[in-house]
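Notes follow once the structure below has been shown.
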Amino acid sequence: MNYASRGEHDPKAERNNQHLKALFRVHFHQMPFKAIPKKLTVALMTRVAKISNYYPAKGGLSQYYSPHLIMHQRMVDASKEFVAEIGAYVHGYGHDTKNNMAAQTIKGVYMGPTNDIQEGHHIYDLNTKCEARCAKIKVLPMTDQVIKIIEEVARLEGVTELCTYSKRNGEIILDGDLLKEVDPDELWDENYVQVNQIERLSDVTLQNENIPDDKLDELLMDAEADNQGSTGTGTQDTIAKQINMKMS
């Protein structure tokens, strides 16, 4: 194991963090909430990291078996893992209930499946504002009341918006694997050839420059010599066409 020193950035680890942040933003913006409590934030980040291991890693141990299969020795059960999206409004049931007037289900927001072999789910209980665990869930349509409850809990915890890419003053936070004003392709690609921007701009502006008379005579002579060398004869019309092509 090669450990990084304090303050040192590992490009692979930084790109992995960048990948997880991108997935987190995608899932967050699919939710109907403007802000979510901290427990839901942790659950969503855990879920994103877990799903990333469901597929074979490029350059990993195997191109056929995923890290999840290698570590847990079991396939992904879609009937358990993909019952609902994180942030969906669900009713949990299957826990201990009694024959009384108490609620038989738990109303909450889905936080993800458990890591057990049997089916189980984590729910953010809207009544207790704590995490609950149920054997079964039923997905229901989202309501405005649930959205207001979640956003109010987030506001009380000091969370008003999702901010993962910029500071409060609007300054962009660069990922650790990228250096400012340096092309990332130049850093990691040994065969990368940088395009000379100065020469390309000079070629573009050359078309709009006025050619002096002495330079024009040289172009006429060069065009006449090229024409005689290729065909043996040359005319003024052909030379003029070649000059126009060079100037355009």
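Take 77 as the starting number for the sequence shown in the working numbering and just add one per residue.
We put the CB at the ideal spot given by N, CA and C, even for glycine.
For residue i and residue j, what's the separation of their Cα atoms in angstroms?
i	j	result
Phe109	Glu227	7 Å
Ile127	Lys212	21 Å
Met121	Glu90	16 Å
Met297	Gln94	60 Å
Met187	His197	7 Å
Glu237	Tyr79	35 Å
Can you tell me whether residue i is buried or exposed? The criterion is at least 16 other CB atoms within 10 Å of its CB, across all chains shown.
i	result
Leu137	exposed
Val102	exposed
Met77	exposed
Gly168	buried
Leu292	exposed
Leu70	Past the boundaries of the shown model lies residue 70; the chain is included only from 77 to 324, so the question cannot be answered.
Ala111	buried
Arg123	buried
Ala154	exposed
Using three-state DSSP, classify residue i as helix, strand or coil.
i	result
Pro143	helix
Val152	coil
Thr236	coil
Thr219	coil
To which residues does DSSP link residue i through a beta bridge?
i	result
Cys210	His197
Gly168	Ile182, Ile213
Gly188	His198
### Query
Are three or more beta carbon pairs between the region 129–146 and the region 175–195 nearer than 8 Å?
no
### Task
Taking 8 Å as the threshold, find out whether the region 144–159 comes into contact with the region 218–225 through three or more Cβ pairs.
no
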